[in-house]
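**Student:** Chains as they are written, first to last, in the working numbering: chain W, -1 to 435; chain Y, -1 to 435. Beta carbons are placed, not taken as given, at the ideal position from N, Cα and C, and that holds for glycine.
Protein chains: 2
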Amino acid sequence: MGDALLQTPESEKERLLNYFAHKITDILDWLAALSPDEEGGVTRLLYTEEWLTTQRSLALRMQSCGLETEFDAVGNLFGRLRGKDEGLPAVLTGSHIDTVVQGGKFDGAYGIAAGLVAMEYLRKTYGTPMRTLELVSLCEEEGSRFPMAYWGSGSIAGKRSFEQIVHLKDAQDVAFADAMHRCGFGEGKYRASGREDIGAFIEAHIEQGAVLEAEGLQVGVVETIAGQRRLKFEVGGEANHAGTTPMHMRKDALEGASAMIMALRQEALRRGAPLVATVGRLQVQPNVPNVVPGKVVFTVDARHADERELELFCLWVAETFERLAAARQLELTGSEWFREAPVPMDDRLKSGLDAVCKELGVSSRRIISGAGHDAQMFAAVAPTAMLFVPSRGGISHSPDEYTAPHELAVGVLVLTELLHRLAYAEEKLEEGTDEHV
Amino acid sequence: MGDALLQTPESEKERLLNYFAHKITDILDWLAALSPDEEGGVTRLLYTEEWLTTQRSLALRMQSCGLETEFDAVGNLFGRLRGKDEGLPAVLTGSHIDTVVQGGKFDGAYGIAAGLVAMEYLRKTYGTPMRTLELVSLCEEEGSRFPMAYWGSGSIAGKRSFEQIVHLKDAQDVAFADAMHRCGFGEGKYRASGREDIGAFIEAHIEQGAVLEAEGLQVGVVETIAGQRRLKFEVGGEANHAGTTPMHMRKDALEGASAMIMALRQEALRRGAPLVATVGRLQVQPNVPNVVPGKVVFTVDARHADERELELFCLWVAETFERLAAARQLELTGSEWFREAPVPMDDRLKSGLDAVCKELGVSSRRIISGAGHDAQMFAAVAPTAMLFVPSRGGISHSPDEYTAPHELAVGVLVLTELLHRLAYAEEKLEEGTDEHV
């Protein structure tokens, strides 16, 4: 098993980090410049011209780094470093190439760029790995153009299929299938997306939160991707004249909703991390300054790493909101419109990441991912892990998204070492112990 | 002085009420049918075709009731019963003919219909009055088409002028002046609107609140038209990812606004009637389910019959909101965008209405008008009073607006008696005592 990175003296580690910082900054700037938007951010939506240009340019860049490239039917791009034993399951790393509208240049792109830097370094330094190493630029994760998220990773994991996109259209009424076909992808094109030969998937990503920054840590080893429930509540009161309706005769839907919003936050704080609960969207009817609100509709987004804790919290929400509404003689209806179970990351890979960080002198902690990621799709078909680097101010999905070059490089260093241990080791991944990574 | 109504036996009063109920229902149904909308309500906006048809039809109906009619420059319509002594200031009654979009058939129209029934009855029963009696169908009060309210009464009272409407346009970009000219009105047309010869103005109106209904009373004698302040607050927090931002690291503008909304209601309840305070409009940014709200903008509408109490309450609002924002590290900016001082009604006319109700066996109370009315314009140039009849469920500005025929008739009875005392009396209004009404 190779452990050359660990054997480098401290000054050599610094030299390597500077090199990685230079390389990854170069790739991220280049990727961003391929799909700039007018607001100074990056907008690269699935199956657009900018998206296609980026994937094609990335294929050329992978080739120049010594990787064999291949697309699959949905447009996922793979860069392969063929292993000595092609019968062994492959080690994959990567993330998604698409962005939200007016996104930043790190979300998704970082995982691809980090993988490219790591694989180029490993190939140049150690040559052919034991197992095949693959970098994947997943076609889509955000669900920003069509109402469909995790299209790339879900297609690989068998959780997405062409039947699911038949009726989908974007905001300009373009059919999903038409957009896909225009880019040259679709059923029967290239290789089918489903994979059953993946030995491990490692995704590097920006945290999108401010926990690492606040604690001054370099890397987050994702414990679990939080489960989500999204609920919708309608509070019904009586729209009435703001001047002629005495306070005690009102049924003010907005005042009722306000009591619910405050109770939600207080209880989420009381129950503590990793629970988070948010009222992000709220609409008032009729929403006129001189009319007592007759109806308020709002959403609750609740997340937790533990399914049972999430379930208990949502029960508390329903009961409490019902009680607050009844006390005010308000009507209340609630419904759940989205649910995703928590996805724990692979224990052996997490321990492996912990060990790498410790041995490399990289400060780290286990962390819950409150956001969804491609890794949650891969976890269904392969041992999967994620590592986070800090997000300045916790900002993401914005042109203001930022991680310093040195912080990006530390993530690359950790990823490189883990990939080295996974792909260049003689042992079988499937039968190893924690020590094998 | 005539007091024939009072001398009628109880059975005769019932006969009269039935007669009034029949007459006023007929007029209100007829008026509503002139401007029906598709939703079963009434939509009659200033200077529209429906509006012009209604004013012209009403002029013909006034004439058929024995009144001389006349328009003024802005389109106010007057129906006159010329008095024996034309040198004496006139007694006016009436209200506005325009409605909100999808309004009901009582708001405004009731005051005109009640005046028409009363004046026809007085003419037929008592002949020519001592003073000139006038019914006015005011062209506009609601501000529903153009951003200008009280156009009709304000023009009479000298509080509105053609300079003020020069740049006004409606939602379809039609200029106020063009719409007015197309209906045949405008500067130099008909008689100039300003009046200085008004001895009294009495406006009958639906309550638009549920106080009379809740207390089982027939008439409200308006004490004061409440003063209003309208404020706008902007709460600034930090828009953040709903999944990755721990609860204790959030600056949630919506949670802050919720605390303000709850505090506002609690304090308004504590201070008690006639104070009312309402958050009617609220907007969240970015208003997305999975983003912590970064900004919330909302309005506060506060009303009170006492200017100083209103001022003190608004100071409390500003201080309390500031404190609630600071405790949450939220930014807060506030501004006042509308202010109207309370307008007390004329003491002698109020006492006159009290007396009429008492003598006619009509149950009544003094009441604060939380809504604005044309009467507040007239109060600047003449002794002015208002009487309210009950609104079922307090509903107004809606097709569901309703007052039962018998309730409408009681208002007509009180109005008729007051107009009789004011216009047929020998004494001068200007020098009389409470007894003269």
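Might you give, ordered along the chain, the residues of its own chain that have their beta carbon closer than 6 Å to the beta carbon of residue 329 of chain W, omitting 5 neighbours on each side?
**Tutor:** Contacts found: 234.
**Student:** Closer than 7 Å, Cβ to any Cβ of chain Y: which residues of the stretch 275 to 290 of chain W, in chain order?
**Tutor:** Those would be 276, 277, 278, 279, 280, 282, 285, 286, 287, 288, 289, 290, in chain order.
**Student:** Rounded to a whole number of angstroms, what is the C-alpha to C-alpha distance between residue 41 of chain Y and residue 37 of chain W?
**Tutor:** Rounded to whole angstroms, residue 41 of chain Y to residue 37 of chain W spans 44 Å at the Cα level.
**Student:** Taking buried to mean at least 16 other C-beta atoms within 10 Å of its own C-beta, is residue 409 of chain Y buried or exposed?
**Tutor:** When all chains shown are included, residue 409 of chain Y counts as buried.
**Student:** Which two residues bound the contiguous beta strand (DSSP E) that contains residue 375 of chain Y?
**Tutor:** Per DSSP, residue 375 of chain Y belongs to no beta strand (DSSP E); it is in the alpha helix (DSSP H), 373 to 376.
**Student:** For residue 209 of chain Y, which option in Y/363, Y/411, Y/85, Y/418 has the closest C-alpha, if you only look at C-alpha atoms?
**Tutor:** Minimum Cα distance to residue 209 of chain Y is reached at Y/363.
**Student:** Identify, in the order they occur along the chain, each residue of the same chain with its Cβ nearer than 8 Å to the Cβ of residue 432 of chain Y, setting aside the five sequence neighbours on each side.
**Tutor:** Because residue 432 of chain Y carries a pLDDT of 41, less than 50, the predicted location of this residue cannot be relied on, and the following value inherits that uncertainty. These residues qualify, in order along the chain: 346, 349, 350, 353.
**Student:** Mind pulling the chain W residues with CB within less than 7 Å of residue 246 of chain Y?
**Tutor:** Residues of chain W passing the Cβ test: 267.
**Student:** How is the alpha helix (DSSP H) around residue 299 of chain Y delimited, first residue to last?
**Tutor:** Element bounds for residue 299 of chain Y: not the alpha helix (DSSP H) but the beta strand (DSSP E), 293 to 302.
**Student:** With a threshold of 7 Å on Cβ separation, who are the neighbours of residue 269 of chain W within its own chain once the five nearest residues in sequence on each side are excluded?
**Tutor:** These residues qualify, in order along the chain: 311.
**Student:** What's the gap between the Cα of residue 68 of chain Y and the Cα of residue 91 of chain Y?
**Tutor:** Those two C-alpha atoms are separated by around 15 Å.
**Student:** So, for residue 397 of chain W: in the same chain, excluding its five sequence neighbours on each side, which residues have a beta-carbon less than 7 Å away from its beta-carbon?
**Tutor:** Around residue 397 of chain W: 37, 38, 39, 100, 102.
**Student:** Whole-angstrom Cβ separation of residue 160 of chain Y and residue 380 of chain Y, contact assumed at under 8 Å?
**Tutor:** Contact flag wrong, Cβ pair sits at about 22 Å.
**Student:** Pull out every residue of the stretch 247 to 265 of chain Y whose Cβ sits closer than 9 Å to any Cβ of chain W, in chain order.
**Tutor:** Listed in sequence order: 247, 248, 250, 252, 253, 255, 256, 257, 258, 259, 260, 262, 263.
**Student:** Taking the CB atoms as reference points, tell me whether residue 175 of chain W and residue 164 of chain W lie closer together than 8 Å.
**Tutor:** Result yes, Cβ atoms of residue 175 of chain W and residue 164 of chain W sit closer than 8 Å.
**Student:** With a threshold of 8 Å between beta-carbons, can residue 435 of chain Y be considered close to chain W, or not?
**Tutor:** Residue confidence for residue 435 of chain Y is low, a pLDDT of 38 falling below 50, so the modelled location carries little weight; the figure read from the coordinates is stated next. Closer than 8 Å: no.
**Student:** In chain order, what residues of the same chain have a beta carbon less than 6 Å from the beta carbon of residue 226 of chain W, not counting five sequence neighbours either side?
**Tutor:** Cβ neighbours of residue 226 of chain W beyond the five flanking positions: 301, 338.
**Student:** Tell me which residues share the same chain as residue 405 of chain W and place their Cβ nearer than 8 Å to its Cβ, disregarding the 5 neighbours each side in the sequence.
**Tutor:** Excluding positions up to five away in sequence, the list reads 216, 387, 388.
**Student:** Spatial neighbours of residue 239 of chain W within its chain, please: C-beta separation below 8 Å, excluding the five flanking residues on both sides.
**Tutor:** Around residue 239 of chain W: 288, 289, 290.
**Student:** Can you find a C-beta in chain Y that's less than 8 Å from the C-beta of residue 100 of chain W?
**Tutor:** Residue 100 of chain W does not count as touching chain Y.
**Student:** Check whether the stretch 126 to 141 of chain W and the stretch 105 to 113 of chain W touch, using three or more Cβ-Cβ pairs below 8 Å as the test.
**Tutor:** The stretch 126 to 141 of chain W is in contact with the stretch 105 to 113 of chain W.
**Student:** How many angstroms separate the CA atom of residue 435 of chain Y from the CA atom of residue 262 of chain Y?
**Tutor:** A caution first: residue 435 of chain Y carries a pLDDT of 38, below 50, which makes its placement in the model unreliable, though a value can still be read off. Their Cα atoms are separated by approximately 43 Å.
**Student:** When the Cα of residue 285 of chain Y is compared with those of W/22, W/124, W/276, which residue comes out closest?
**Tutor:** Selected option, being the one with the closest Cα: W/276.
**Student:** Comparing the C-beta of residue 209 of chain W with each C-beta of chain Y, is any distance below 8 Å?
**Tutor:** So yes, residue 209 of chain W belongs to the interface.
**Student:** Below 8 Å on the Cβ atoms is my contact criterion, and I expect residue 251 of chain W with residue 292 of chain W to pass it. Report the Cβ-Cβ distance as a whole number of Å.
**Tutor:** Yes, they are in contact, since the Cβ atoms of residue 251 of chain W and residue 292 of chain W sit about 6 Å apart, within 8 Å.
**Student:** Check whether the stretch 145 to 161 of chain Y and the stretch 14 to 21 of chain Y are in contact - that is, three or more C-beta pairs closer than 8 Å.
**Tutor:** No, the stretch 145 to 161 of chain Y is not in contact with the stretch 14 to 21 of chain Y.
**Student:** Buried or exposed: where does residue 372 of chain W fall if 16 or more other Cβ atoms within 10 Å of its Cβ makes it buried?
**Tutor:** Residue 372 of chain W should be labelled buried.
**Student:** For residue 407 of chain W, which residues of its own chain have a beta-carbon under 7 Å away from its beta-carbon, when the five flanking residues on both sides are left out?
**Tutor:** Excluding residues within five positions, the ones whose Cβ falls inside 7 Å are 15, 18, 19, 22.
**Student:** Between which two residues does the beta strand (DSSP E) containing residue 109 of chain W stretch?
**Tutor:** Note, residue 109 of chain W: premise wrong, no beta strand (DSSP E); alpha helix (DSSP H) at 107 to 124.
**Student:** Can you tell me whether residue 16 of chain Y is helix, strand or coil according to DSSP?
**Tutor:** Helix, per DSSP.
**Student:** Locate the beta strand (DSSP E) running through residue 259 of chain Y, then write down its first and last residues.
**Tutor:** It is not in any beta strand (DSSP E) - residue 259 of chain Y instead sits in the alpha helix (DSSP H) that spans 251 to 269.
**Student:** DSSP three-state call for residue 225 of chain Y: helix, strand or coil?
**Tutor:** Reduced to three states, the DSSP call for residue 225 of chain Y is strand.
**Student:** Return yes when the Cβ of residue 65 of chain Y is within less than 8 Å of the Cβ of residue 78 of chain Y, no when it is not.
**Tutor:** Yes, the pair counts as a contact, with Cβ atoms nearer than the cut-off.
**Student:** Between residue 46 of chain W and residue 29 of chain W, is the Cβ-Cβ spacing less than 8 Å?
**Tutor:** No, the Cβ-Cβ distance between residue 46 of chain W and residue 29 of chain W is not below 8 Å.
**Student:** Whose C-alpha, out of Y/224, Y/48, Y/153, Y/24, is nearest the C-alpha of residue 33 of chain Y?
**Tutor:** Among Y/224, Y/48, Y/153, Y/24, the Cα nearest to that of residue 33 of chain Y is on Y/48.
**Student:** Just the Cα atoms here: how many angstroms apart are residue 317 of chain Y and residue 331 of chain Y?
**Tutor:** Looking at the two C-alpha atoms, the distance is approximately 12 Å.
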